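*Asks:* By the count of this note's numbering, the sequence shown reaches residue 122 at its end, each step adding exactly one. Glycine included, each C-beta is placed from N, C-alpha and C at the ideal position. All values reported here derive from a predicted model rather than from experimental measurement.
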Amino acid sequence: MTTSVVSIVYVNDAPAAARFYGDLLGITPSLETPGYITFDLGPGADLALWSGQFEDLSPDVPRTSEVCLAIEGGRPDEINAIFQQWRSKGVTILHEPHDAGFGLTFLAADPDGNRIRVAPKD
């Protein structure tokens, strides 16, 4: 049996969210439908953007989960470089780089308010 973990992020507009995530991650979708778009993140991992499941998602609604981009090596200079790049693109930053005990990390949000963490890979 082949197993894959798909992280689903609910969004208002899947194509718009795919442009945001594609630009952020530097990758193109592996599957595109009008309301469901996926990105292949490597063996056994996909990111899916799904619209139409909730109406009028708002960044004002508190989120209790996040997508974490675990950076291989994850040296502080790498994390800071990603932070600077995202900030220059106008990405909403919720928490600037800080040491969280497992290394340097920061927290951002997509246009729908979904949380995106950047951290070193364990």
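Just verifying my parser: in three-state terms, what is the DSSP assignment at I82?
*Replies:* Three-state result, I82: helix.
*Asks:* Tell me whether F20 sits in a helix, a strand or coil according to DSSP, three-state version.
*Replies:* Correct three-state label for F20: helix.
*Asks:* Let me make sure I understand the geometry here. Which of K121, G103, F83, V61 has the alpha-carbon closest to that of N114?
*Replies:* The option with the nearest alpha carbon to N114 is V61.
*Asks:* Please specify which runs of the beta strand (DSSP E), each continuous and at least 3 residues long, are wholly inside the segment 45-85, giving them in chain order.
*Replies:* Counting only runs of 3 or more, we get 45-51, 66-71.
*Asks:* Using only CA atoms, which one of R75, V118, E72, Y10 lies nearest to T105?
*Replies:* Checked all of R75, V118, E72, Y10; the closest Cα to T105 is V118.
*Asks:* Rounded to whole angstroms, how far is the Cβ of P76 from the Cβ of F102, which I believe are closer than 8 Å?
*Replies:* No, P76 and F102 are not in contact; Cβ-Cβ is about 12 Å, not under 8 Å.
*Asks:* Do the segment 76-93 and the segment 36-52 touch if we need at least three Cβ pairs shorter than 8 Å?
*Replies:* Judged by Cβ distances under 8 Å, the segment 76-93 makes no contact with the segment 36-52, as fewer than three pairs qualify.
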